[in-house]
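For reference, the structure discussed in these notes is given below.
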Amino acid sequence: MIKQPLYKQMIALALVCIILFMINTAIAASSDAVINAVCAVLLALWAASVCVYRRSKRYKPDDYAWFFITGGFIICTIFVFKLPYTFSFHDITVYPVDFSLDTLADGHLAYIGYIVETGHLPTESPLIARYSIFYNPPFYHLVQAAFIQMNKLLNISPAIFVENTQIITLFAAGGCMLVTRQLLQELGATGKGIAAGMLMFCFQPMLYLYGATINNDILSVLLIEMTILYTLRWRRTQKFSDIVFIALSLGLGMATKLSVATLIPSIAIVFVVCFFQNLPAWKKYCQQFVSFLLISVPLATAWPLYQLIVNKVPLNYVRLPSEVLNVSEFSFAKRFGIPDWHAIRSAFFKVDTLSQHNIWMQTLKTGVYDELILFEEGTWMWYAGYLFIVLFAALLLVSLGLFIRMLISKKHGIPTLDKVFISSYAILLIGSYLKFYIDYPYICSTNFRYITPVLMLCALAIAIYRSTTSSKRSLWVVLYSGVFAVYGLGIYALHLFA
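Its first residue numbered 535, the sequence shown is counted upward by one per residue in our numbering.
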């Protein structure tokens, strides 16, 4: 159906986002009825295109993957149209629409506004309370600031262009879908496997929510996935262009969020093994590695080194939240063991250490709802919402089993080095998440957003299983992924439209 290289797909996605930007500009201040009508038209166009394509050509397995990608992206778009930019609580802040520096608030939108108003990066120390958001690397905020300047050149009002900032995160969410598909292809998944993996991935609530959230999370996930993709390609081709893309993706990823550095040990393993496997070509490798360092290191380290030298901000600085969120009073077993009754009976996030201290329950509920409260406790919709958490837990457990199967099985023929690369990153990702909660025992430390790349690994496990198992025997994983997707869409439809 679509066989263009990734860069052409990303350009096409950017063009689509420009159209959506114009639509959002037109409807951002409109009534719910108008926005609902636009959302209905988008869904109708998608359904019509699927039907027309089905009649004009014979379906191929990979075509389903594209239907899931376009369908998931439309759902992300609907979230952008329906949710105001203030819907999320992740360090965004309600920012004055005039972007007045006199009322600077400590959040991502304030960071962006600072750059827009002053024309330069922040010079204030993040150690000063009201400026603590400035410890974040600036790449995401620079992109958003440039986008706002474009809005201002088009004479778009502040009330509208703050809503339009969601288009940038929407692009990143769509990019994650495109890169995930390429990753599945790179590791040898077949058409039916790719379709199964994308069904699971494209209808994840985290993509919907972070595609509409004005912070740096979803862009960092996109750059992580791109780094993984080009590392796998370089392992196979050893082309200079591929290592340049690794360097750019990793460098810009760390210039977006420093936690992207979790990838570095896994990349180093690939580099070292490939070097010693091809020692006669050591000069070529040294040239490539030097180029990699010259590109990635300045991008990755410029901001933290600037803050260290100028403002004395430690390289491992973490902005601490309110002590109201501190759960250090709970034992290690309560925080990391089987959830107790207080944790289990809570479906949505709230500022309550008694019910929000267990890392596993917090990870599950934020994995489908983030920190939103969709339904009132005790209503039938609350119970329906809780069931969605259970379905998500089962999906993760199934994916974990299939991921382990993928690593130990020789049936599919994934190269050992690729398995080591992927599995080492998975271990480092989860390990750093657990360590973060040990070092910083706060409710907000246990959010699925810190391990969002896990969803890509789950899609990979499902895709490889579907590719290496008969269609009949592996149909159950497709059906379960479909049930999860449909059920989740129903839950959020109740929230957005009921």
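Virtual Cβ for every residue (Gly too), placed ideally from N, Cα, C.
{"Item": "Would a C-beta distance cut-off of 8 Å place Pro672 and Leu661 closer than the cut-off?", "Value": "no"}
{"Item": "Out of curiosity, what's the CA-to-CA distance linking Leu828 and Leu839?", "Value": "16 Å"}
{"Item": "Nearest CA to the CA of Ile985: which residue from Ser1015, Ala546, Val902 and Trp914?", "Value": "Val902"}
{"Item": "Please report the distance separating the alpha-carbon of Phe737 from that of Leu1023.", "Value": "8 Å"}
{"Item": "Looking at Pro848 and Ser958, is the spacing between their C-beta atoms short of 8 Å?", "Value": "no"}
{"Item": "Give the straight-line distance between the Cα atoms of Val1017 and Phe735, rounded to the nearest whole angstrom.", "Value": "13 Å"}
{"Item": "Identify the continuous alpha helix (DSSP H) that holds His642 and give its terminal residues.", "Value": "His642 to Thr652"}
{"Item": "Using the Cα positions of Pro873 and Thr980, report the straight-line distance between them to the nearest angstrom.", "Value": "14 Å"}
{"Item": "Whose C-alpha, out of Ala918, Leu676 and Trp894, is nearest the C-alpha of Lys868?", "Value": "Trp894"}
{"Item": "If you draw a straight line from the alpha carbon of Val861 to that of Val852, how long is it in whole angstroms?", "Value": "17 Å"}
{"Item": "Looking at the structure shown, is Asn860 part of a helix, part of a strand, or coil, going by DSSP?", "Value": "strand"}
{"Item": "Roughly how many whole angstroms lie between the Cα atoms of Ser1008 and Val586?", "Value": "28 Å"}
{"Item": "Within its chain, find whatever has a CB closer than 7 Å to the CB of Leu617; leave out the 5 residues flanking it on each side and keep chain order.", "Value": "Ala746"}
{"Item": "Are Tyr619 and Gln716 touching if we call contact CB-CB under 8 Å?", "Value": "no"}
{"Item": "According to DSSP, is Tyr509 helix, strand or coil?", "Value": "One cannot answer for residue 509 here, as it falls past the ends of the chain, which runs 535 to 1032."}
{"Item": "How many angstroms separate the CA atom of Val794 from the CA atom of Ile964?", "Value": "13 Å"}
{"Item": "Below 8 Å, how does it come out for the segment 551-564 and the segment 604-616: are there three or more Cβ pairs, yes or no?", "Value": "yes"}
{"Item": "Quick check on the DSSP output: the alpha helix (DSSP H) that includes Tyr619 runs from which residue to which?", "Value": "Taken as a continuous stretch (DSSP letters only), Tyr619 belongs to no alpha helix (DSSP H), as it is neither H nor E."}
{"Item": "Assuming the contact rule is C-beta atoms closer than 8 Å, Ala679 and Ile649 should be a hit. Round their C-beta distance to whole Å, please.", "Value": "4 Å"}
{"Item": "Let me know the secondary structure DSSP gives Thr986 once reduced to three states.", "Value": "coil"}
{"Item": "When DSSP labels each residue in this structure, what does Pro630 get in the three-state scheme?", "Value": "Confidence at Pro630 is low in this model, with a pLDDT of 46, below 50, so the placement of that residue is unreliable and no value is reported for it."}
{"Item": "Runs of 3 residues minimum, wholly inside the segment 555-585: which ones carry the beta strand (DSSP E) assignment?", "Value": "none"}
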